[in-house]
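A.B. asks: Under this note's numbering, think of the first position of the sequence shown as 5, with each following residue one higher.
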Amino acid sequence: MTLPVVFLSGAPREQGLQHGRALKDRIAQNVALYFERFDREVGLPRSEVHAIARQYADAIARQNPAYHAGMEGVAEGSGFPLADIAALNVRYEILYYQFGKNAIAAAQARSEGVADGCTAFAALPAATASGHLLMGQNWDWIPEVQGAVLHTTDEDGFETLAYTESGIVGAKIGFNQAGLGLCINGMTTVDDDWSRLSRPFHVRCWEMLRCRTLEAAQAVIAGEARACSTNFLIAQTPGNVVDIEAAPDKINLLGCDRAGCLTHANHFVDPGGLGIEEAPNERRIFSQRRAARLSELLHARLPLTTEGIQDALRDTQDDPFGICRHRNPAEPPEMHYITVTAVVMDLETRTLHLTDGPPDESPFQTVSL
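Shown next as structure tokens:
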């Protein structure tokens, strides 16, 4: 299986319309999937999700009218109400806020309550055989989610190439023609709260991928407080990398090690030093082990090649909680997570290598600007 590559161009609403039409069936699957998950996994019926989504849609219309226009276009093109499409676009705020609350309750009940997954990396030119800046990740999430690759050309001619979930305007793993790339990791703290209605995660991703400089992309995160916690790994050619651990009110910046490598998973490196409290999670040890394991695998393959990194992303140590993740048959369906896509990006050649499923089972396809 390969992911669909959709070419979008023009004004934001027109791009949304093209997105909605081209991915209509996949959007329908995601709408059904997420509303089921909202209800079953975090206890929110459709009416409550719509109420949250409408509040966010109004906020997005003020914060980023272009993004809101894109959502309107997706809604029109796919035939779904704007509230459904808005819910997809703020699903991070809805789900990760509740994951944190569930984790606190689960800790009190000594059970599980939070999602875990995603392992990202960056490698400076000095660490690669080609002398190119490389970055990427395994993105672990709901097995049935329907993804796509969006190649966008804005009205000013600026291009981006990135992975998104069908129906979500803001692609979250990819790069732009300025050689600026983005990877992400979900994280939680006890301070996460969707009701802050600050600029949502996917809106920030959309904005960062339209930045011409690393400094501008950093400002998208640092310039305004956040509703929920996230790790943003940003890089730009020829050789600049910064990792931003972003809690609602605080950020921490990380860089590459002496070998020119950086890895990150789903935990804050030093929450106490940052002055934040992570949501309880008995599986955080697996996040720590994934980050350390990927670092070990990358260092063992120096100087790095695209193929060597792809092989590292297939690693199944600690299965089913390893770098390459598979369903855990011992868990209920609402707790199933897999590596939905593995991504390796060459920011110098503007080339994206990615899979449709776990990389030990799925081939890499290559797409370039």
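Glycine residues also receive a C-beta, built at the ideal position from the N, C-alpha and C atoms.
None of the values given here were measured: they were computed from a predicted structure.
At the level of alpha carbons, what is the spacing between residue 163 and residue 218?
C.D. replies: 16 Å
A.B. asks: In angstroms, rounded to a whole number, what distance separates the CA positions of residue 331 and residue 141?
C.D. replies: 18 Å
A.B. asks: Given residue 235, which residues of its chain have a CB within under 6 Å of its CB, disregarding the five upstream and five downstream residues?
C.D. replies: Taken in chain order, the residues that qualify are 189, 191, 249 and 268.
A.B. asks: Reducing DSSP to helix, strand and coil, say where residue 372 ends up.
C.D. replies: strand
A.B. asks: Using CA atoms only, rank isn't needed, just tell me which of 99, 127 and 179 is closest to residue 243.
C.D. replies: 127
A.B. asks: Exposed or buried, what is residue 154 when buried is set at 16 or more other beta-carbons lying within 10 Å of its beta-carbon?
C.D. replies: Buried.
A.B. asks: Between residue 306 and chain B, is the shortest Cβ-Cβ distance under 9 Å, so that the two count as touching?
C.D. replies: This model lacks chain B altogether, as it is built from one protein chain only.
A.B. asks: Can you find the residues in the same chain that come closer than 6 Å, C-beta to C-beta, to residue 10, ignoring five residues on each side of it along the sequence?
C.D. replies: Hits under 6 Å: 26, 152 and 154.
A.B. asks: Scan the segment 329–358 and note each continuous alpha helix (DSSP H) run of 4 residues or more that stays entirely inside, going in chain order.
C.D. replies: none
A.B. asks: If distances are taken between C-alpha atoms only, which option among 279, 182 and 70 comes closest to residue 174?
C.D. replies: 70
A.B. asks: For the putative contact between residue 316 and residue 298, defined by C-beta atoms under 8 Å, what is the C-beta separation to the nearest angstrom?
C.D. replies: Cβ atoms of residue 316 and residue 298 come within 8 Å of each other, at about 6 Å.
A.B. asks: Spatial neighbours of residue 260 within its chain, please: C-beta separation below 7 Å, excluding the five flanking residues on both sides.
C.D. replies: Contacts found: 126, 128, 245 and 266.
A.B. asks: I need the DSSP call for residue 130, collapsed to helix, strand or coil.
C.D. replies: helix
A.B. asks: Between the alpha carbons of residue 302 and residue 135, how many angstroms are there, rounded?
C.D. replies: Whole-angstrom Cα-Cα distance: 15 Å.
A.B. asks: Taking the alpha carbon of residue 68 as the reference point, which residue from 328, 161 and 203 has its own alpha carbon closest?
C.D. replies: Closest option to residue 68, judged by alpha-carbon separation, among 328, 161 and 203: 203.
A.B. asks: Which stretch, first to last residue, makes up the alpha helix (DSSP H) that contains residue 229?
C.D. replies: Premise fails: residue 229 is in no alpha helix (DSSP H) and is neither H nor E.
A.B. asks: Can you tell me the Cα-Cα spacing of residue 227 and residue 14, whole angstroms?
C.D. replies: When rounded, the distance between both Cα atoms is 28 Å.
A.B. asks: Report, in whole angstroms, the separation of the C-beta atoms of residue 17 and residue 77, which I expect to be a contact under 8 Å.
C.D. replies: 4 Å
A.B. asks: Check this for me: beta carbons of residue 352 and residue 183, under 9 Å apart or not?
C.D. replies: yes
A.B. asks: Flag this pair as yes or no: are the beta carbons of residue 310 and residue 364 separated by less than 9 Å?
C.D. replies: no
A.B. asks: Would the beta-carbon of residue 215 fall within 9 Å of that of residue 176?
C.D. replies: no
A.B. asks: What is the rounded straight-line gap between the Cα of residue 338 and the Cα of residue 368?
C.D. replies: 27 Å
A.B. asks: Quick one: Cα of residue 166 to Cα of residue 179, how far?
C.D. replies: One alpha carbon belongs to residue 166, the other to residue 179, and they sit about 6 Å apart.
A.B. asks: Could you spell out the range, first to last residue, of the beta strand (DSSP E) harbouring residue 122?
C.D. replies: Segment: none, residue 122 is in no beta strand (DSSP E) and carries neither H nor E.
A.B. asks: Alpha carbon to alpha carbon, how far is residue 344 from residue 168? Give it in angstroms, no decimals.
C.D. replies: 11 Å
A.B. asks: Which one of 373, 346 and 354 has the shortest CA to CA distance from residue 7?
C.D. replies: 346
A.B. asks: Check for me: the beta strand (DSSP E) holding residue 59 runs from which residue to which?
C.D. replies: Run containing residue 59: none in the beta strand (DSSP E); it sits in the alpha helix (DSSP H), 50–67.
A.B. asks: I'd like the list of long-range same chain contacts for residue 270, defined as Cβ closer than 7 Å, with 5 residues on each side in sequence excluded.
C.D. replies: 120, 121, 122, 189, 190, 191 and 291
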